[in-house]
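Scroll down for the structure; my scribbles are underneath it.
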Amino acid sequence: MLQGSNNNIRFPVAISLSLISFVTCNTIRPALVNRKLLDMQVDAPLAAWIHNYLTGRPQSDVRLGNITSSDTIVRSTGAPQGTVLSPFLFTLYTSDFRFFSQSCHLQKFLDDSAIVGCISRGQEEEYRSVVDRFVEWCGLNHLQLNVTKTKKLVVDFRK
């Protein structure tokens, strides 16, 4: 992201950083996971096993706000929390959105992501476009953004 020219380092005028957080892994759609796995050329029997693992799971001791229920419900979306497989599935589920250029890139951290853009001469169209495309992609993939945890930081190098 820093540009070098004849041993001189030129810094961008500003860096924009959007820290984006997802609500949870509970909105993962098993059919979409299955399709993505098959697109990645994962063996069909393994993709079917994972689809079956994510579909029709009994879940008990559900907490919504201050209300706790010991009733068992059947879930057919999301990945079971507290398992080793869930973070891996979420990483696979989100792997089809990537972006990297000279001035802007997306960095993922499991259920959080960061979009970093180097802004020079007020040119932030690429950065804004990546943020807009990422938000649109999240909607198409049934991923809900946690707007209370999503933050934007701008570091301005002008004096």
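The C-terminal position of the sequence shown is numbered 159 in the UniProt record's numbering, with every residue numbered one higher than the one before it. Positions of the beta carbon are idealized from the N, C-alpha and C atoms, including for glycine.
Nearest neighbour of residue i, chosen from the options [CA to CA]
i      : options                          : result
LYS36  : ALA44, TYR93 and ASN66           : TYR93
SER103 : THR91, ARG128 and GLY82          : ARG128
SER95  : SER101, LEU110 and LEU85         : LEU110
ILE50  : ALA79, VAL23 and THR72           : ALA79
ALA47  : VAL135, ILE115, ALA31 and SER120 : ALA31
SER86  : TYR53, PRO58, HIS105 and PHE99   : TYR53
LEU89  : ASN66, GLN41, THR55 and ILE28    : ILE28
Which of helix, strand or coil DSSP assigns to residue i
i      : result
LYS151 : strand
HIS142 : coil
PHE157 : coil
ARG133 : helix
ALA14  : strand
PHE99  : coil
PRO30  : helix
ASN7   : Here ASN7 scores only 45 on pLDDT, less than 50, and its place in the model should not be relied on; the value that follows carries that caveat. Of the three classes helix, strand and coil, the one that applies to ASN7 here is coil, per DSSP.
THR91  : helix
ALA79  : coil
Counted within 10 angstroms of its Cβ, other Cβ atoms place residue i as buried (16 or more) or exposed
i      : result
GLY82  : exposed
SER113 : buried
ALA44  : exposed
ASN34  : buried
LEU153 : exposed
LEU140 : exposed
ILE119 : buried
VAL155 : exposed
SER18  : buried
VAL74  : exposed
GLY65  : exposed
SER16  : buried
For residue i: DSSP bridge partner residues
i      : result
ILE20  : SER113
VAL74  : PRO58
LYS36  : Answer by DSSP bridge pairing: none, since LYS36 is not bridged.
LEU106 : ILE115
GLN123 : SER120
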